[in-house]
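Structure first, then comments.
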Amino acid sequence: MNEFLSDSSYFGLIISILAYAAGLFIKEKCRLRFLNPLVVAAILIISFLLLTGTSYEVYNASAKYLSWLLTPATVCLALPLYREIELLKNNKRVILISLLVGVLTSIGCVFLMAWLFDVSQAETATLLPKSITTAIGMGIAEELGGFPSIAAAVIILTGVVGNVSAKCILRLFKITEPLAKGLGIGAASHAIGTSRAMEMGSQEGAASSLAIVVSGLLTILILSVYAAVLS
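Residues are numbered in the working numbering as their position in the sequence shown, beginning at 1, plus a constant of 329.
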């Protein structure tokens, strides 16, 4: 199987798309929040690789083209921003302060957990960009001396948890303002969480899309200072 896959330029890509399609089908049929299509797809792909004895390197060689879509997919989130531009402009001060607090909280929690569990600098660097989009987070982790592939897994897991738990958390804390919902979801769980925010409404989706961009920029600025201190 390894030889067959290594000779194929697109087999990994096809397997990935089929696994995600299966994840969407299962979610639609079962109607369970924890059956996120990304999680289901990951489980199916891992199972396939284990059953066929295929190495990750061979699979990734023909599935890597999917990663090229990360940046354009993030850019496409500008559409809901455009639709709700007046709302965002009228609340720019609140948005900036909220997202700054959110980014500092996310980074602070990682540092606190790293200190409590005596985590190495490389492992800390891997976890720091957990709440920003994969396209930015992997690069940050690598620049700080972390592990980009693990950072990608952590970022995806963070997004899935946010996607699954967003409605419950908002209901628990009685958060009803659309702007607050979107900012919270986007700042905590990036693009995967934003897909949930878009299901809630156009204002939530726009705020969450903006949160991805601003949180990413703020994280880069703050972690640049951290990197300068380390050097």
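Just so it is clear, CB atoms sit at the ideal spot from N, CA and C, and this is done for glycine as well.
I want to check one thing, is the minimum distance from the CB of Ile484 to the heavy atoms of the ligand ZN below 7 Å?
The ligand ZN is absent from the structure shown, which contains no ligands of any kind.
Quick check: the Cα distance between Glu533 and Phe502, rounded to an integer number of angstroms?
What you label residue 533 is simply residue 204 of the sequence shown in a count that begins at 1. What you label residue 502 is simply residue 173 of the sequence shown in a count that begins at 1. For Glu533 and Phe502, the distance between alpha carbons rounds to 17 Å.
Restricting to Cα atoms, I'd like to know which of Glu506, Gly545 and Ala392 is closest to Gly515.
Reading the sequence shown from its first residue, position 186 is the one you call residue 515. When each option's Cα is compared against that of Gly515, the closest is Gly545.
Below 8 Å on the Cβ atoms is my guess for Gly511 versus Ala481; work out the distance and round it to an integer in Å.
By 1-based counting over the sequence shown, the position of residue 511 is 182. By 1-based counting over the sequence shown, the position of residue 481 is 152. The pair is not a contact, with the Cβ atoms about 24 Å apart (cut-off 8 Å).
Look up Tyr339 in the DSSP assignment and say whether it is helix, strand or coil.
Taking the first residue of the sequence shown as position 1, residue 339 is located at position 10. If DSSP states are grouped into helix, strand and coil, Tyr339 belongs with coil.
I'd like the span of the alpha helix (DSSP H) that includes Val423, first residue to last.
In the sequence shown, counting from the first residue as 1, residue 423 sits at position 94. Looking at the DSSP string, the run of the alpha helix (DSSP H) that includes Val423 is Lys421 to Leu445.
So, are the CB atoms of Leu429 and Leu547 less than 8 Å apart?
Reading the sequence shown from its first residue, position 100 is the one you call residue 429. Reading the sequence shown from its first residue, position 218 is the one you call residue 547. Yes; because the gap between Cβ atoms is below 8 Å, this pair is in contact.
Under the three-state DSSP convention, the category Lys358 falls into:
As a first step, residue 358 must be located in the sequence shown, where it is residue number 29. Residue state, collapsed to three classes: helix.
Just confirm the distance between the C-beta atoms of Ala495 and Gly431, as a whole number of angstroms; I'd bet it's less than 8 Å.
The count along the sequence shown starts at 1 and reaches residue 495 at position 166. The count along the sequence shown starts at 1 and reaches residue 431 at position 102. Ala495 to Gly431, Cβ: 14 Å. No contact.
Going by other Cβ atoms of all chains shown within 10 Å of its Cβ, with 16 needed for buried, is Lys459 buried or exposed?
For this step, residue 459 is matched to residue 130 along the sequence shown. For Lys459, the number of other beta carbons within 10 angstroms of its own is at least 16, and it is reported as buried.
Is the beta carbon of Ile484 sitting closer than 8 Å to the one on Gly466?
Walking along the sequence shown from the start, residue 484 turns up at place 155. Walking along the sequence shown from the start, residue 466 turns up at place 137. Yes, the Cβ-Cβ distance between Ile484 and Gly466 is below 8 Å.
Would the region 408-424 and the region 448-462 be scored as touching if the rule is three or more Cβ pairs under 8 Å?
no
What's the call for Glu413, buried or exposed, on a 16-neighbour Cβ count within 10 Å?
For this step, residue 413 is matched to residue 84 along the sequence shown. By the neighbour-count rule (16 or more Cβ atoms within 10 Å), Glu413 is buried.
Taking the alpha helix (DSSP H) that Tyr394 falls in, what are its first and last residues?
Stepping through the sequence shown from its first residue, residue 394 is reached at position 65. Per DSSP, Tyr394 belongs to no alpha helix (DSSP H) and is neither H nor E.
Which of the three DSSP states, helix, strand or coil, is assigned to Phe476?
Counting from one through the sequence shown, the residue named residue 476 turns up at place 147. Coil at Phe476, not helix or strand.
How about Leu406 and Thr487: are their beta carbons less than 8 Å apart?
For the purposes of this step, residue 406 is taken as residue 77 along the sequence shown, with counting starting at 1. For the purposes of this step, residue 487 is taken as residue 158 along the sequence shown, with counting starting at 1. Their beta carbons are not under 8 Å apart, which means Leu406 does not touch Thr487 by this criterion.
Within 10 angstroms of its Cβ, does Pro366 collect 16 or more other Cβ (buried), or is it exposed?
Residue 366 sits at position 37 when you count from the first residue of the sequence shown. Pro366 is buried by the Cβ-count criterion.
Using CA atoms only, rank isn't needed, just tell me which of Tyr339, Pro507 and Leu473 is closest to Ala557.
Stepping through the sequence shown from its first residue, residue 557 is reached at position 228. Ala557 has its Cα closest to that of Leu473, out of Tyr339, Pro507 and Leu473.
I'd like to check one pair, Ser345 with Ala392: are the Cβ atoms closer than 8 Å?
What you label residue 392 is simply residue 63 of the sequence shown in a count that begins at 1. What you label residue 345 is simply residue 16 of the sequence shown in a count that begins at 1. In this structure, Ser345 lies closer than 8 Å to Ala392 by Cβ.
Arg525: buried (16+ other C-beta within 10 angstroms of its C-beta) or exposed?
To locate residue 525, count along the sequence shown from 1; it is residue 196. With 16 or more other Cβ atoms within 10 Å, it is buried.
For a test of the three-state rule: what should DSSP assign to Lys503, helix, strand or coil?
To locate residue 503, count along the sequence shown from 1; it is residue 174. Lys503 falls in the coil class under three-state DSSP.
Would you identify the three-state DSSP class for Leu546, choosing helix, strand or coil?
Taking the first residue of the sequence shown as position 1, residue 546 is located at position 217. Reduced to three states, the DSSP call for Leu546 is helix.
What number of angstroms, rounded off, separates the C-alpha of Val448 from the C-alpha of Glu415?
Here residue 448 refers to the residue found at position 119 when the sequence shown is read from its first residue. Here residue 415 refers to the residue found at position 86 when the sequence shown is read from its first residue. Roughly 44 Å between the two C-alpha positions.
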